[in-house]
Every structure is written in structure tokens, then in C-alpha cells.
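For reference, the structure is listed below as C-alpha cells.
There are 2 protein chains.
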Amino acid sequence: MSDFRDAARNGLSTAELETVLREVGAERYHNRHPYHHRMTGGDLSKGELQAWALNRYCYQAVIPRKDAMILARAEDPAFRAQWRKRIEDHDGEDGWSGGIARWLHLATSLGLDAEAVKSERLALPATRFAVGAYLSFCTNRPLLDAVASSLTELFSPIIIGERVPAMLARYDYVTEDTLAYFTRRPEQASRDSGFALAYVLKHADTAERQQAVIDALVFKCDLLWAMLDALQHAYGEAGNIPPGTFRPEGVR
Amino acid sequence: MSDFRDAARNGLSTAELETVLREVGAERYHNRHPYHHRMTGGDLSKGELQAWALNRYCYQAVIPRKDAMILARAEDPAFRAQWRKRIEDHDGEDGWSGGIARWLHLATSLGLDAEAVKSERLALPATRFAVGAYLSFCTNRPLLDAVASSLTELFSPIIIGERVPAMLARYDYVTEDTLAYFTRRPEQASRDSGFALAYVLKHADTAERQQAVIDALVFKCDLLWAMLDALQHAYGEAGNIPPGTFRPEGVR
Numbered sequence: 221m222s223d224f225r226d227a228a229r230n231g232l233s234t235a236e237l238e239t240v241l242r243e244v245g246a247e248r249y250h251n252r253h254p255y256h257h258r259m260t261g262g263d264l265s266k267g268e269l270q271a272w273a274l275n276r277y278c279y280q281a282v283i284p285r286k287d288a289m290i291l292a293r294a295e296d297p298a299f300r301a302q303w304r305k306r307i308e309d310h311d312g313e314d315g316w317s318g319g320i321a322r323w324l325h326l327a328t329s330l331g332l333d334a335e336a337v338k339s340e341r342l343a344l345p346a347t348r349f350a351v352g353a354y355l356s357f358c359t360n361r362p363l364l365d366a367v368a369s370s371l372t373e374l375f376s377p378i379i380i381g382e383r384v385p386a387m388l389a390r391y392d393y394v395t396e397d398t399l400a401y402f403t404r405r406p407e408q409a410s411r412d413s414g415f416a417l418a419y420v421l422k423h424a425d426t427a428e429r430q431q432a433v434i435d436a437l438v439f440k441c442d443l444l445w446a447m448l449d450a451l452q453h454a455y456g457e458a459g460n461i462p463p464g465t466f467r468p469e470g471v472r
Numbered sequence: 221m222s223d224f225r226d227a228a229r230n231g232l233s234t235a236e237l238e239t240v241l242r243e244v245g246a247e248r249y250h251n252r253h254p255y256h257h258r259m260t261g262g263d264l265s266k267g268e269l270q271a272w273a274l275n276r277y278c279y280q281a282v283i284p285r286k287d288a289m290i291l292a293r294a295e296d297p298a299f300r301a302q303w304r305k306r307i308e309d310h311d312g313e314d315g316w317s318g319g320i321a322r323w324l325h326l327a328t329s330l331g332l333d334a335e336a337v338k339s340e341r342l343a344l345p346a347t348r349f350a351v352g353a354y355l356s357f358c359t360n361r362p363l364l365d366a367v368a369s370s371l372t373e374l375f376s377p378i379i380i381g382e383r384v385p386a387m388l389a390r391y392d393y394v395t396e397d398t399l400a401y402f403t404r405r406p407e408q409a410s411r412d413s414g415f416a417l418a419y420v421l422k423h424a425d426t427a428e429r430q431q432a433v434i435d436a437l438v439f440k441c442d443l444l445w446a447m448l449d450a451l452q453h454a455y456g457e458a459g460n461i462p463p464g465t466f467r468p469e470g471v472r
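Protein chains in written order, with the working numbering: chain A, 221 to 472; chain B, 221 to 472.
Structure representation (C-alpha cells):
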């Protein structure tokens, strides 16, 4: 497995850079993670699916904030007008009619209490630290790196395509209504990641900037991976649920 | 187990607040974590001890930075003069003669390469996110909360007292020289935590501020706990080492 740390050492053509970015996804995106495989294999308990939905909510909830941070740092009105759509997608017309609301619906359809999910109080600390790292990254790193960290969306149609049919087939309490969040995501993600990829390929015009955007995508893959690691450790085996966090029904 | 979230609802006396803070430590400090128990029980492999030293280095390395952030936010020169000692302790006279250097010595004594440790490149992403959360907390939260987050030091003489004799007794490659870092820590930690506790007890003068300092200490305990969770998940069982991170010798 490559670690991609010298991938741009000698400078890359635009096509080569795109190839490397897609290789990062092929090797490091979280559709390679055991928790995802257990999910699509029908092997997660209901408590594990609930824990996934509850923790992932924290990630969903921060997306419009990290996008607003990118917006705040972008000087080009045309860029902002395009990037703004992401915020609209997640917040919807009134804050609770977009992607966040649909994720909340997923969580409550799995039997979780809406207020408990929204409060984020029962999420794993490791989830909160990862989500905080994403917001910090988009706040503190160059705009180009922040844009590049969104490129995991290039691969999200793949994971959604694996996840949705498998969940419908293998968990009798999961319905199309439960998973309504995912209906619009592939189209939105394709539009958004296409724009972001074109931006990155255009602006990563030195070997150093190319390496920075590769590193940004690796960082983001590591982040999604770490979120599933934390779920697997806490809920995949007995007795590792950290103090003060979500305990599925029937788990002491 | 209490979650301490309403502990100060009706306001606490100074003595009661101190009692609650010490209860947080008794219930949530990482001397309760299985990885620590495995360490003191002699059950960690050398690779697991190396992984602990390598990851914990990232935490050690950020301490003077988070303390500098606290210093930067403190308006009282007398407070700053006291708090500054923490930075001196960790950086030493020339940057590499204090606690960080002694931790690096611990890591290299366990067979790790100094440059690899210092680069932090092989640390678990979860470690980096936790450490980043600590720096963010001390940057963004009220000064009082940042000070309170240091109060885990109240309990560090306990964990050091458990760790050092057990490590010397149970790992034949661990010597007093390896563990030189810990020689001065109990005294420094007692001085520092005494000052911080007095500050917190004096300034947490509303129920809301009392709850905030309790929450800050819980946050910090969660952070130390999450760091050991990540180690346990990655190195305690086979096959969970995240991509691109430290692999002990002989581990595929």
C-alpha cells in the first residue's frame, strides 16, 4: 500500500494528479473498512446500526459549517455561488428540510430519540474529535486544501451504491423511507465533487500544492476511517463502550 | 456511573466542587482503562508499548503549545508567571532538555527511531484528532475551562505510581533510564495542579461556570480515554492497524 507522501515529488500533469487522487480513494476510502463490510454483509446488530447513525449525525451536522468556512475564505463570487449549494442541500429551506433532517430521520427510523441524536451528547468522543478536526482543517489550512478535503465525495456514490441495496436486503427493519437521505446524495455528490475536482486540478499548479491536495484527501480518508474504527471498537466487541456514551438497549 | 452533566445544577460550595472534580477523576481518568491495566499487568507486547510511546509523543509535544495558548489568553501577569513554568518544564532550556526530550528518550529506549517519532507521521489519526481537540479547546473555550481541562494532573501521580513500578517489574527491556520522564512529573504535576485547582475553585463562582469546569475535566478524561481506545483497537487485536500508521516489527 502506498502512503502517497511523495506522490507529487517531481510534479504531476493534471491527468496524473487526478489518477493519484483516485488511487487514494481506491486504497483509503472507508468502503474498505471492516465496519462497512459488516454493514453490507448484514452482520451489524441493530445497536451497532443505531450507533453508526447517531455518531455519523455529528459529521452530517458539521458539513454546512465547514462549507460555510470555505465560503468565508473564498474571494471569488462565482466559486461561492457554486459552493453555497452544498449548504442549501444540507440545511434545506428552513434548516430542517435538507440532508441533516434526512439523516435525523434515518436515525429516528432506527429507533433513536431525535433530541438525543441532535444533542450529540451520546456520541463517541473519538467522533467529536474527528469532526472537530475536519472543521479545524477547513478553518486553518489553505483554501485549496480545504476544497481538496471534500474530494471523498468522488467516491461516495460507490459506497452508497454498496450500502443502500445491502441494507434493504439484509435488515428487515430498514426501509426505503429509512434511507431517504441517500436518494439525492449521489447526484449532489457528483455535481459537487466534479466542481471541486476541476478546481483542485486547476489550482494545484506546483509540486508542493499537488502534494498538499493529495495529503488533504488522505487526511479526510483517515478521518472517515477513524470514525468507523471508533464504532468498531466501542460496539463491535463487548465491553469497550466509553463512559457516558450511547449504550444500545440491552447492553449493560 | 454518573455522567456529571447536572452536577452543579443547584450551585456547589467550593468544597463540593472539589469533591465533584475528584469524583470525575475517580470514575473517568484513564488509569481505569483496560490498556493501562494491560500495561501494568505486563500484558502488552513490545510493539504495543512502542505504539503507546509513539502516539503519546504527539500529546506530549502539544502540551507547551496549549499552555502557550492559555498564557496568551491570561491577562494577569502573576498567573502567567506561574503557568509559564509548565512550558519551561516541557521544553527545557533549549527546547530539547525538558519533558518532551525525556519522552522522546522513552520512545527511543523502546527501540523507536527518534526522527520517526518526532515527525508524528506514523501516529494514529485518532491520536492526532484528540490532540488537536485539546489545542482547539484551549484556544476557543473560556480561559477558566482551559485551565480546568489541565486538572487531570490531579490524578497523574496515581497513574505514574501504578505505571512505573509495574513496568520496571514486568518488562525486562524497560529500565529506570527508560522511564526518566516520570521522575520529575509527580512533583511538577502536584505544583501545577494545586495552582490550577485553586484558580478553578476561586473563579468558578456561578453554577454555570461550575458546570463548565466539570465538563472541561470530563472532556479531558474522555480525550485521554479515547487515545487508549485507539491504541487498543489498532494494536490490541489483530488486523486493525489503520492504513499508513506505525506497524510494529513482524506485524504485516
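From the three backbone atoms N, C-alpha and C, an ideal C-beta is built for every residue, glycine too.
For this session: Could you tell me the distance, in whole angstroms, from the CA atom of V337 of chain B to the CA atom of R348 of chain A?
Result: Locating residue 337 of chain B in the second sequence gives position 117, where the first residue counts as 1. Locating residue 348 of chain A in the first sequence gives position 128, where the first residue counts as 1. Computed Cα separation, rounded: 26 Å.
Problem set entry | Reduced DSSP category for N360 of chain B - H, G, I as helix; E, B as strand; rest coil | The residue given as residue 360 of chain B occupies position 140 in the second sequence. The answer is helix: DSSP assigns N360 of chain B an H, G or I state.
For this session: Would you be able to state if there are at least three C-beta pairs under 8 Å between the region 349-360 of chain A and the region 312-329 of chain A?
Result: No, the region 312-329 of chain A does not touch the region 349-360 of chain A.
Exercise. I think A346 of chain A touches A446 of chain B, with their Cβ atoms under 8 Å apart; what is that distance to the nearest whole Å?
Worked result: As a first step, residue 346 of chain A is located in the first sequence; it is residue number 126 there, counting from the start. As a first step, residue 446 of chain B is located in the second sequence; it is residue number 226 there, counting from the start. With a Cβ gap of about 5 Å, A346 of chain A and A446 of chain B count as contacting.
For this session: Please determine if the region 421-437 of chain B and the region 327-335 of chain B are in contact, where contact requires at least 3 C-beta pairs separated by less than 8 Å.
Result: These segments do not touch.
Exercise. Which residues, in order along the region 266-290 of chain B, keep a beta-carbon less than 7 Å from a beta-carbon of chain A?
Worked result: Those would be none; no residue qualifies.
Problem set entry | Contacting residues, own chain, Cβ-Cβ under 6 Å from T359 of chain B (five flanking each side not counted) | As a first step, residue 359 of chain B must be located in the second sequence, where it is residue number 139. Closer than 6 Å at Cβ, skipping near neighbours: M289.
Exercise. Nearest chain B C-beta to A228 of chain A closer than 8 Å, yes or no?
Worked result: Within the first sequence, residue 228 of chain A is the residue found at index 8, counting from 1. The C-beta of A228 of chain A comes no closer than 8 Å to any C-beta of chain B.
For this session: Note down, in chain order, each residue of its chain lying with its Cβ closer than 6 Å to the Cβ of A400 of chain B, except the 5 sequence neighbours on either side.
Result: Here residue 400 of chain B refers to the residue found at position 180 of the second sequence. Excluding residues within five positions, the ones whose Cβ falls inside 6 Å are R322.
For this session: Determine the burial state of K168 of chain A: buried for a count of at least 16 other Cβ atoms within 10 Å of its Cβ, exposed for fewer.
Result: Outside the displayed span of chain A (221 to 472) sits residue 168 of chain A, for which this structure offers no information.
Problem set entry | Supposed close pair V471 of chain B, G261 of chain B - CB separation, criterion 8 Å | For the purposes of this step, residue 471 of chain B is identified with residue 251 of the second sequence, where counting begins at 1. For the purposes of this step, residue 261 of chain B is identified with residue 41 of the second sequence, where counting begins at 1. Your pair V471 of chain B and G261 of chain B does not check out as a contact, with CB atoms roughly 21 Å apart and the cut at 8 Å.
Exercise. Can you tell me whether T239 of chain A is buried or exposed, with buried defined as 16 or more other CB within 10 angstroms of its CB?
Worked result: Start at 1 with the first residue of the first sequence, and residue 239 of chain A comes out as number 19. The residue in question, T239 of chain A, is exposed, as its Cβ has fewer than 16 Cβ neighbours within 10 Å.
Exercise. In terms of residue numbering, what span does the alpha helix (DSSP H) encompassing D412 of chain A cover?
Worked result: Your numbering for residue 412 of chain A matches position 192 in the first sequence. Per DSSP, the continuous alpha helix (DSSP H) segment holding D412 of chain A begins and ends at 401-423.
For this session: Determine the chain A residues that contact R248 of chain B at a beta-carbon separation under 7 Å, and present them in chain order.
Result: Your numbering for residue 248 of chain B matches position 28 in the second sequence. By Cβ distance, chain A contributes P463.
Exercise. Hey, quick one: how far does the alpha helix (DSSP H) through A488 of chain A stretch, first residue to last?
Worked result: Residue 488 of chain A lies beyond the stretch modelled for chain A, which goes from 221 to 472, so this question has no answer here.
Problem set entry | Under the three-state DSSP convention, the category D287 of chain A falls into | As a first step, residue 287 of chain A is located in the first sequence; it is residue number 67 there, counting from the start. Here DSSP, grouped into helix, strand and coil, assigns D287 of chain A to helix.
For this session: Please classify P462 of chain A: is it buried, with 16 or more other beta-carbons within 10 angstroms of its beta-carbon, or exposed?
Result: The sequence position of residue 462 of chain A within the first sequence is 242, counting from 1. So P462 of chain A ends up on the buried side.
For this session: Please report the residue range of the alpha helix (DSSP H) in which F299 of chain A lies.
Result: What you label residue 299 of chain A is simply residue 79 of the first sequence in a count that begins at 1. That run of the alpha helix (DSSP H) goes 297-311.
For this session: For Q408 of chain B, go through chain A and note every residue whose CB falls closer than 9 Å to its CB, in chain order.
Result: For the purposes of this step, residue 408 of chain B is taken as residue 188 along the second sequence, with counting starting at 1. Chain A residues near Q408 of chain B: none, gap ~26 Å exceeds 9 Å.
Exercise. Around the Cβ of K422 of chain B, are there at least 16 other Cβ atoms within 10 angstroms (buried) or fewer (exposed)?
Worked result: Locating residue 422 of chain B in the second sequence gives position 202, where the first residue counts as 1. It is exposed - the Cβ of K422 of chain B has fewer than 16 other Cβ atoms within 10 Å.
Exercise. How should P194 of chain B be labelled, buried or exposed, when 16 other C-beta atoms within 10 angstroms of its C-beta is the threshold for buried?
Worked result: Past the boundaries of the shown model lies residue 194 of chain B; chain B is included only from 221 to 472, so the question cannot be answered.
For this session: Measure the C-alpha to C-alpha separation of Y249 of chain B and Y419 of chain B and round it to an integer number of angstroms.
Result: Stepping through the second sequence from its first residue, residue 249 of chain B is reached at position 29. Stepping through the second sequence from its first residue, residue 419 of chain B is reached at position 199. Straight through space, the alpha carbons of Y419 of chain B and Y249 of chain B are spaced by roughly 21 Å.
For this session: Kindly list, in the order they appear in chain B, the residues whose Cβ is closer than 9 Å to that of Q452 of chain A.
Result: As a working note, residue 452 of chain A is residue 232 in the first sequence. Chain-ordered, the chain B residues with CB closer than 9 Å to the CB of Q452 of chain A read H453, N460.
For this session: For the region 228-247 of chain B and the region 366-380 of chain A, state whether three or more C-beta atom pairs, one from each stretch, are separated by less than 8 Å.
Result: Note that the region 228-247 of chain B does not touch the region 366-380 of chain A; fewer than 3 beta-carbon pairs, one per stretch, sit closer than 8 Å.
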